[in-house]
Amino acid sequence: MAVLRFTLSEDGVAVLRDALACLGKFSDEVSLEAKKDRLVLTALNTSKSAYASVAFATNRFFSKYHYAGVAQNRDKFFCKLYNRALLSLFRSRGGDPLHDRERDTTIDRCDVVITDEAGKKSRFIAKIIFRNGITAKYRLPFEVSPPVHAKFDKTEAVNNWSTSPRTLRQLMDHFGPGIDYLDIHAEDDVVNFTCFTEKAANGDEVLKKPLQTSVAVAQDEFNSFHVGEENLHIVISVKDFRAIIQHAAVLGADVLANYSIPARPMQLKYDGDGIKCEFLLMTVGERGAPGPKNKKTRANVKGATGPQLEETVTRADSHAPTPAPPVAPKTSQSRSNPIPSLRPPIERPSQRPPPATLESESLFVPQDNDEGWEPVNIDEGGEEEENARLGWDTTGDLNASALNMRTMMSNQPSAPQPTINNDLDLTQLEPTQRLSQVRKFGLFGD
Amino acid sequence: MRFKASLRNTRTFSKLVAALSSLEKIAWMRLDDETVRFTVIPDTGSQVWASLSIDFILDNWTIQSAEPNNTINLELPLVPLQRALKSATNAVSASLRLTKKDGVPILSMTITTSTAPANLPQGVARFNLNPANRVSGNDPYNDDDDGVFAAEPLETNLQREREKVITQDIPVRVLHPETVETIMQPKVREPDVHIQLPPLLQLKAISDRFTKLAIASRASSSSASAANVNPKLELSANMHGDLRLRLDTDTLDVESRWSGLENPQLDPSQLTCAIEDHPSTRFRNEGPDKWATVRVDGKDWSKVLSVGRLDGRVIACFADDHALILYVYVPHHDDPQADDSVVTLVKS
Numbered sequence: 001m002a003v004l005r006f007t008l009s010e011d012g013v014a015v016l017r018d019a020l021a022c023l024g025k026f027s028d029e030v031s032l033e034a035k036k037d038r039l040v041l042t043a044l045n046t047s048k049s050a051y052a053s054v055a056f057a058t059n060r061f062f063s064k065y066h067y068a069g070v071a072q073n074r075d076k077f078f079c080k081l082y083n084r085a086l087l088s089l090f091r092s093r094g095g096d097p098l099h100d101r102e103r104d105t106t107i108d109r110c111d112v113v114i115t116d117e118a119g120k121k122s123r124f125i126a127k128i129i130f131r132n133g134i135t136a137k138y139r140l141p142f143e144v145s146p147p148v149h150a151k152f153d154k155t156e157a158v159n160n161w162s163t164s165p166r167t168l169r170q171l172m173d174h175f176g177p178g179i180d181y182l183d184i185h186a187e188d189d190v191v192n193f194t195c196f197t198e199k200a201a202n203g204d205e206v207l208k209k210p211l212q213t214s215v216a217v218a219q220d221e222f223n224s225f226h227v228g229e230e231n232l233h234i235v236i237s238v239k240d241f242r243a244i245i246q247h248a249a250v251l252g253a254d255v256l257a258n259y260s261i262p263a264r265p266m267q268l269k270y271d272g273d274g275i276k277c278e279f280l281l282m283t284v285g286e287r288g289a290p291g292p293k294n295k296k297t298r299a300n301v302k303g304a305t306g307p308q309l310e311e312t313v314t315r316a317d318s319h320a321p322t323p324a325p326p327v328a329p330k331t332s333q334s335r336s337n338p339i340p341s342l343r344p345p346i347e348r349p350s351q352r353p354p355p356a357t358l359e360s361e362s363l364f365v366p367q368d369n370d371e372g373w374e375p376v377n378i379d380e381g382g383e384e385e386e387n388a389r390l391g392w393d394t395t396g397d398l399n400a401s402a403l404n405m406r407t408m409m410s411n412q413p414s415a416p417q418p419t420i421n422n423d424l425d426l427t428q429l430e431p432t433q434r435l436s437q438v439r440k441f442g443l444f445g446d
Numbered sequence: 001m002r003f004k005a006s007l008r009n010t011r012t013f014s015k016l017v018a019a020l021s022s023l024e025k026i027a028w029m030r031l032d033d034e035t036v037r038f039t040v041i042p043d044t045g046s047q048v049w050a051s052l053s054i055d056f057i058l059d060n061w062t063i064q065s066a067e068p069n070n071t072i073n074l075e076l077p078l079v080p081l082q083r084a085l086k087s088a089t090n091a092v093s094a095s096l097r098l099t100k101k102d103g104v105p106i107l108s109m110t111i112t113t114s115t116a117p118a119n120l121p122q123g124v125a126r127f128n129l130n131p132a133n134r135v136s137g138n139d140p141y142n143d144d145d146d147g148v149f150a151a152e153p154l155e156t157n158l159q160r161e162r163e164k165v166i167t168q169d170i171p172v173r174v175l176h177p178e179t180v181e182t183i184m185q186p187k188v189r190e191p192d193v194h195i196q197l198p199p200l201l202q203l204k205a206i207s208d209r210f211t212k213l214a215i216a217s218r219a220s221s222s223s224a225s226a227a228n229v230n231p232k233l234e235l236s237a238n239m240h241g242d243l244r245l246r247l248d249t250d251t252l253d254v255e256s257r258w259s260g261l262e263n264p265q266l267d268p269s270q271l272t273c274a275i276e277d278h279p280s281t282r283f284r285n286e287g288p289d290k291w292a293t294v295r296v297d298g299k300d301w302s303k304v305l306s307v308g309r310l311d312g313r314v315i316a317c318f319a320d321d322h323a324l325i326l327y328v329y330v331p332h333h334d335d336p337q338a339d340d341s342v343v344t345l346v347k348s
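Top to bottom, those sequences are chains A and B. Positions 1 to 446 (the numbering used here) are the ones given, in order, by the first sequence. Positions 1 to 348 (the numbering used here) are the ones given, in order, by the second sequence.
If you want it as structure tokens, here you go:
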């Protein structure tokens, strides 16, 4: 029996596609979590500096939705899918709405059934019915593994603003290529958005530095703007921000940002009809210093070259086709450990509530297996999905100020090279299906 | 050293920068009391010496340096400059300033834009996702006639003109006068033929087609990959209004011909010799079969022709079997009397 079945209208497919495209900018994998009343898609990037979640209200978003559940876990079902495969099957099939004949090739509706049962192949089956009467059926393998949720403590986020995606998109239009970070800083009645990179340029390289752009937007262009602290510079990754506002612009939904101080996550959210999007982005930045000088930046942004020093996880593909153990309890032990969280470690003691940690860091590796904390082997990247393995890199000095990129870079040579964790190898199980087997169906694009 | 100015004619300036950057990514910019000069000297291919009167692209300028005529020499990357100018087109105002940030010299462009108010939010039509356009009540099956009406925001014009101030910082290097004094515009002998070129878009389309033909025929006849083939085009002109573009390879020989073009009169006061002794007079007297010919690299020629986006009048000066110089006269939109020239050099 099917665990979950739902039907999407043509518009629903389009909205789902947009959401998947946005999530795909964070990770190659998307976690699906289904409950009776909502379906949530989440993605966490490899450096764990950005978390994206899109929740659909099942009664509003789907034409039909039926959740049956599985024996082990009645109230929710979760699985992990390869986003590129989903994107390619929900892709828009040509068709110009102005021409009736071409309209025939557009998607009329889509029925999705997820089956997961002992003795049967676990599959995500999508049946796409086109206007012209053709029905395409896709079966995707999935991996049953619980999603990782990042939490956000709203009470600590004293700073917030809200604005139209159009305003944000207009300012992004002025940014050139080659930039990594975006600094948001309010001053008097204007809000400054400054983009920059920390890639070192020396000698003749000076001219190769990217254009540094700063856009000052009047505060009254925001629907609301409450940032109490003066000289607060909050820095996020431009790439993540761009992905978010692109999606928000498609939905036409106003973006609300909540944040507190640098090194604490920033929440960006917007809601559409039956859809709620939430993003948590790691921030860095500076307080109380005038001007964007001496900016401190996390080393661990996507795109940073060299081995990453903070907690790193390779493709979150744990090769565990069997139902994963139920969500590990948030033990006190996990609190006292150096917890991999969305937050780079900070040196100053925090008077704030306990950090917003990931629900459980032990979701990826067997609990109490210290080997799981060994650094990840970067040399293994060649085989990509086939060989992806999980592990944490905790070699970075967690007590040092991880906010300063230069400090991080200078640590680099002393960082031990990651080693392969053989114990993990033994516990590894074969995937339900090899990617190479699936590729021939042309689902994976290139 | 000080440099500060407002920008004008940003669209033309932007086109010029685009034309320059098709040849080379880094330019030498020389500013003084009267002119702004952009020079690009690629390792191979054509050089550009573009000289503009300062009021063509700048306004309210301040230029100060210890050099004669307050000369300032900068080396600057063209791609960021082009990107910055893109922000400045359609702007309310834009200004340029040489300054330092973290000890690094930059050319800082400050742009004020104003944007019209938002139209309908995007995406509304598609899925009706904007809560403002949604029927109130969470039950989609609810009767419409429930006496509950969705409140919509009042459309006002209060925030019609919204200003944004954009700062674009372009990294630059300040060049010492000594490092640039040895860079001289190449001296070329008096040209044999000078002729006004047909519309460059037309010339470029045909030249590009010839270049592709040459690459295709070469690639099919030998194992050389297309990227390594540098086909030569033969360009000739006479003093009787004819221009000829020719591709001659082992396997094919094609030619395009323009006639009725203008051979402008020379200004005797600008010449170093008497007009009767000028080589072009000899070429004219020898009739329409006397051609001055140069061979140009097809790929490089295509880049050079991108200067056509400036919509200028282009005079080609042929020194037979030696060099080709293109003078591009950029129309001065505010003052039609004053012509400013861009000089493009092609060496054959």
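Here a beta-carbon is modelled for each residue, glycine too, at the ideal position from N, C-alpha and C.
Are the CB atoms of A:Lys64 and A:Phe6 nearer to each other than 8 Å? yes
Proximity below 8 Å, CB of A:Phe461 to CB of A:Cys195: Residue 461 of chain A lies beyond the residue range present for chain A, which begins at 1 and ends at 446; the question has no answer from this structure.
Rounded to whole angstroms, what is the Cα-Cα separation between B:Leu98 and A:Thr106? 55 Å
For A:Leu8, does the count of other Cβ atoms within 10 angstroms reach 16, so buried, or fall short, so exposed? buried
Which value, in whole angstroms, describes the spacing of the CA atoms of B:Pro191 and B:Gln168? 43 Å
Residue environment, A:Pro210, which counts as buried when at least 16 other CB atoms sit within 10 Å: buried
Taking C-beta to C-beta, are A:Thr135 and A:Val217 nearer than 8 Å? Contact flag unset, no.
Would you say B:Ile111 and B:Ile166 are within 8 Å of each other, going by their C-beta atoms? yes
Pairwise C-alpha distance: B:Gln265 and B:Glu255: 27 Å
For A:Glu187 and A:Leu281, what's the separation of their Cα atoms in angstroms? 22 Å
Which residues in chain A have a C-beta closer than 8 Å to the C-beta of B:Thr115? List them in chain order. Gln170
When the Cβ atoms of the segment 119-128 of chain A are set against those of the segment 42-51 of chain A, are three or more pairs found closer than 8 Å? no
Listed by chain order, chain B residues near A:Ser214 by CB distance under 9 Å: Val165, Ile166, Thr167, Gln168 and Asp169
With distances taken between CB atoms, is the gap from B:Thr211 to B:Pro198 smaller than 8 Å? no
DSSP state of A:Asp240, grouped into three classes? helix
Pull up the DSSP beta-bridge partners for A:Ile107, would you. A:Phe130
Kindly list, in the order they appear in chain B, the residues whose Cβ is closer than 7 Å to that of A:Lys209. Ordered by position in chain B, the residues that pass the 7 Å Cβ test against A:Lys209 are Pro171.
Per-residue contacts from B:Glu178 into chain A (C-beta, under 8 Å): Per Cβ cutoff of 8 Å: no residues; B:Glu178 is ~18 Å from chain A at best.
Looking only at its chain, what residues have a beta carbon closer than 8 Å to the beta carbon of B:Lys351, apart from the 5 residues adjacent to it on each side? Because chain B here runs from 1 to 348, residue 351 of chain B falls outside it and cannot be looked at.
Given B:Thr89, which residues of its chain have a CB within under 8 Å of its CB, disregarding the five upstream and five downstream residues? Answer for B:Thr89: Thr10, Arg11 and Ser14, listed in chain order.
Counting only beta-carbon separations shorter than 8 Å, does A:Val238 have a partner in chain B? no
Bridge partner(s) assigned by DSSP for A:Asp271: A:Asp271 is bridged to A:Lys276.
Spatially closest choice to A:Val158 from A:Arg287, A:His226, A:Ile128 and A:Arg109, by CA coordinates: A:His226
Return no unless some Cβ of chain A is closer than 8 Å to the Cβ of B:Ile26. Yes, B:Ile26 lies at the interface with chain A (some Cβ there is under 8 Å from its Cβ).
Cutting at 6 Å between CB atoms, please list the residues of its own chain near A:Ile245, excluding the five before and the five after it. The answer, listed in chain order, is Pro165, Leu168 and Arg169.
With C-beta atoms as the reference, is B:Ala237 less than 8 Å away from B:Ser95? no
Can you give me the C-alpha to C-alpha distance between B:His194 and B:Phe318, rounded to a whole angstrom? 6 Å
Verify whether the separation of the beta carbon atoms of B:Ser217 and B:Thr249 is less than 8 Å. yes
Considering only C-alpha positions, which residue in the set B:Lys299, B:Ser65 and B:Thr281 is nearest to B:Leu213? B:Lys299
Short of 7 Å Cβ to Cβ, which residues in the segment 173-186 of chain A face chain B? His174 and Gly176
By the 10 Å Cβ neighbour count, where 16 or more other Cβ atoms means buried, how is B:Thr182 classified, buried or exposed? So B:Thr182 ends up on the exposed side.
Put B:Asn238 into one of helix, strand or coil per three-state DSSP. coil
Thinking just about the alpha-carbon of each residue, which of B:Arg30, B:Leu243 and B:Leu233 is nearest to the one in B:Ile315? B:Leu243
Please classify A:Ile114: is it buried, with 16 or more other beta-carbons within 10 angstroms of its beta-carbon, or exposed? buried
Between which two residues does the beta strand (DSSP E) containing B:Arg8 stretch? Counting along the chain, B:Arg8 sits inside no beta strand (DSSP E), nor does DSSP assign it H or E at all.
Using a threshold of 8 Å, state whether the C-beta atoms of A:Glu286 and A:Pro265 are closer than that. Against a cut-off of 8 Å, the Cβ pair of A:Pro265 and A:Glu286 comes out as no contact.
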